Structures are given as C-alpha cells and as structure tokens.
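Here's the structure, in structure tokens; my notes come after.
Residue numbers (my numbering): -8 to 334.
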C-alpha cells in the first residue's frame, strides 16, 4: 500500500463515525402514572450515568469521518473535543488522531465521561500514528530533541507526553532529526526495537527523502550532484574537506524548480544523511540557503531558514507497506522565487 498524505491537511488530532443505536429508554422521560412523583420522581431527575458506547467498524474509514457518521447527535466540534481529551479508543487504545485509519473488525469505544486532557501541541502536527511509529510535520523553530536547555520545548518532549496519555510507561525514540530551523516531515519510533531496525536498515528502508531549499542567487545549472567529505570544527560547524576520504562522505542531488535573479527554489534529494549536509553543499556551489548566516547567507528574506523536508517515503518496519508523506512547499518559498513577469 502506498499511502501518500499531505501533512497540511492532517488535523492535530481527529475523524467522522456511523449511526449509533438509539437508547431504548430516555432518562427524564415522563411517567403516565398520576401518582405524585415524590422521592421516585426526584430520583428520576438525578443524573443518569452515560454508558460507554462501542461501535463495530464494518469498512475502512478514517476515525473522524467514522465518528461524525456514527455519533449523529453530536456536532463536529464536540466530536473533535472527545478525541482531543482521549475519550475515543480503538480496540481499547485511546486515539486522538483525526485521520487514524480504521479497518473492518476493529471496535471504536466512546467514553463520554472520561476526561483525559491532552495538551495542545506547539509547532508540530501528527500526520500518522500506529503501534510502531509517529510521523509528524515539524514547524521551523522547534527543536527535534533537547540540546542542553532543560526546559526548552521540543518535538520529542511533546510526543512523549502524548504517548503517555494512554500508558505512563510508553516512550518514543528518535530515528532521525531535522535542524531547529528546518520544517517538514519526520518520524519517531515507539519502541527501541523499531528505532534500531529503522536505523540499521535506513538505506534500504527509506525510498525517498527529499527537501526543497530556497537559496540565494540564480542557480544556472538545471540539476547537479554535489559530493564531498564532511568534517566538523571545534565550534560545531560542518565543512567540506578538500581531501578524499577525510571525513564522512556526503552526496546531494539537486534539481531547479524555479528561479529569478535574486533567489532559486531547488528540489534536493539526499543520498547520504550527514549533519548540515544540504546547508554545506549548497553553500559550496555558491548558493547558500536563504537565512543561513552560519553558512554564508546574506539575506533574511523569509525570516527563517529556507529549508523544508518535503517528502518522506519508507517501508513500514512491521507491515512492509510503502508509506509516503508529502508536505506542501511553503508559500513564502514560492513567492520569493517566482520568475519575473514578462511583458
């Protein structure tokens, strides 16, 4: 199965359901008896506990649409709130994701009284979650994982809190990283076993990993390949060594999408995944990424680093399915590289 998804269209948690069977007796219904209500009437007015509702999944569907179809007496915002608070479970496991994929034979449980408050995530959106993986879209400015600042917000910390809503012992594990100022698609493992399997088979498992880069200047060559050996200085800055074999071999492929005389938009594919690889290589050819002062950029046009992880396609380590997640090119990147109008 090739699941191609657009993270911008994924909600931070949610889905639409099927029609629930009506209750046979309604709390508060009037009695036909002419006797005074007395204590019995008072008891009837007392709050009746709302039972947990369970619904069978008969055909493939995403969770939010399934719930909207099923819970006909509730509005969209009400159902989204149930999801956000962890009051919806699939096969006994709480799910907050709007686009969680349901399959025939599963059961969806809605507990109208359970109140597990899920924190609003900042700077990230979950676009896929299953028993083994979480795939997110990260905003520019959010750290993937802490670098020393104990109280700094990170994708890792927020996702750890997310998985522990259902079980305090749950954990997540880093598979790969994006720089703080790089936006786009990345994934985490939900067990050390899956983390190790992905990292050990990364070259074979990952079928496509591409970025878009907003770079300074007009790139003349429509496509090309950059190859070098990367090393790190004592100040943690990467650079290309002029000597073959001196450092980690890195290979970057690029293709021009559009350009004007000030900026160019490139599609960038990684053959290797070294630290700051794209940033170093594009600076090497005289076109540093916009906003990347560390590697020689002169502009601050978009107010962020002009690098976005656009596509992540990989073989699922457990199911063997091909999963592909694609994020739209940031509109500001397109704006700054739009060709000059012709008269």
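The C-beta atom is built at its ideal place from N, Cα and C for all residues, glycine as well. Keep in mind the model is a prediction, meaning the values are calculated, not measured.
(message) Which residue wins for smallest C-alpha separation from residue 239, given the options 249, 263, 173 and 258?
(response) 263
(request) Identify whether residue 194 lies in helix, strand or coil by the three-state DSSP scheme. (result) helix
(request) Report the residue ranges of all beta strand (DSSP E) runs contained in full by the stretch 280 to 304; include only those spanning at least 3 residues, in chain order. (result) none
(request) Check the C-beta distance from residue 175 over to residue 299 and give it rounded, since I have them as a contact under 8 Å. (result) About 5 Å separates the beta carbon of residue 175 from that of residue 299, a gap short enough to meet the 8 Å contact definition.
(request) Compute the beta-carbon to beta-carbon distance between residue 148 and residue 154, rounded to the nearest angstrom, for a pair I have assumed lies under 8 Å. (result) With 8 Å as the limit, residue 148 and residue 154 do not qualify as a contact, their Cβ atoms being about 11 Å apart.
(message) At the level of alpha carbons, what is the spacing between residue 170 and residue 63?
(response) Straight through space, the alpha carbons of residue 63 and residue 170 are spaced by roughly 44 Å.
(request) Please confirm whether residue 47 and residue 60 have their CB atoms less than 9 Å apart. (result) no
(request) Taking only the alpha-carbon atoms, compute the straight-line gap between residue 119 and residue 90 and give it to the nearest angstrom. (result) 8 Å
(message) Using a Cβ-Cβ cutoff of less than 7 Å, which residues in the same chain neighbour residue 341 once the five nearest sequence positions on both sides are dropped?
(response) For residue 341 there is no data in the structure shown, the boundaries of the chain being -8 and 334.
(message) Per the DSSP calculation, residue 216 is bridged to which residue(s)?
(response) Answer by DSSP bridge pairing, in chain order: 244.
(request) Look at the alpha carbon of residue 197 and the alpha carbon of residue 177, and state the distance between them as a whole number of angstroms. (result) 12 Å
(request) Along the alpha helix (DSSP H) that carries residue 70, what are the first and last residues, could you check? (result) 67 to 75
(request) Kindly give me the distance between the Cβ atoms of residue 270 and residue 221, rounded to whole angstroms, as I take these residues to be in contact under 8 Å. (result) Rounded, the Cβ-Cβ distance is 11 Å, inconsistent with contact.
(message) With distance defined between alpha-carbon atoms, name the residue in 283, 186 and 301 nearest to residue 293.
(response) 283
(request) Take the Cβ of residue 43 as the centre, count every other Cβ of all protein chains shown within 10 Å, and call the residue buried at 16 or more, exposed below. (result) exposed
(message) According to DSSP, simplified to helix, strand and coil, what is residue 328?
(response) Residue 328: helix per DSSP, three-state reduction.
(request) Taking residue 153 as part of the beta strand (DSSP E), name the residues at either end of that continuous run. (result) Counting along the chain, residue 153 falls outside any beta strand (DSSP E), though it belongs to the alpha helix (DSSP H) covering 146 to 154.
(message) In this structure, how does DSSP classify residue 125 when only helix, strand and coil are distinguished?
(response) strand
(request) Would you list the one or two residues that DSSP bridges to residue 229? (result) 223
(message) Measuring only the C-alpha atoms, how far is residue 87 from residue 192?
(response) 30 Å
(request) Quick one: grab the DSSP three-state call for residue 317. (result) strand
(request) Following the continuous beta strand (DSSP E) through residue 254, name the residue where it begins and the one where it ends. (result) 254 to 261
(request) Could you spell out where the beta strand (DSSP E) holding residue 271 opens and where it closes? (result) Note, residue 271: premise wrong, no beta strand (DSSP E); alpha helix (DSSP H) at 268 to 275.
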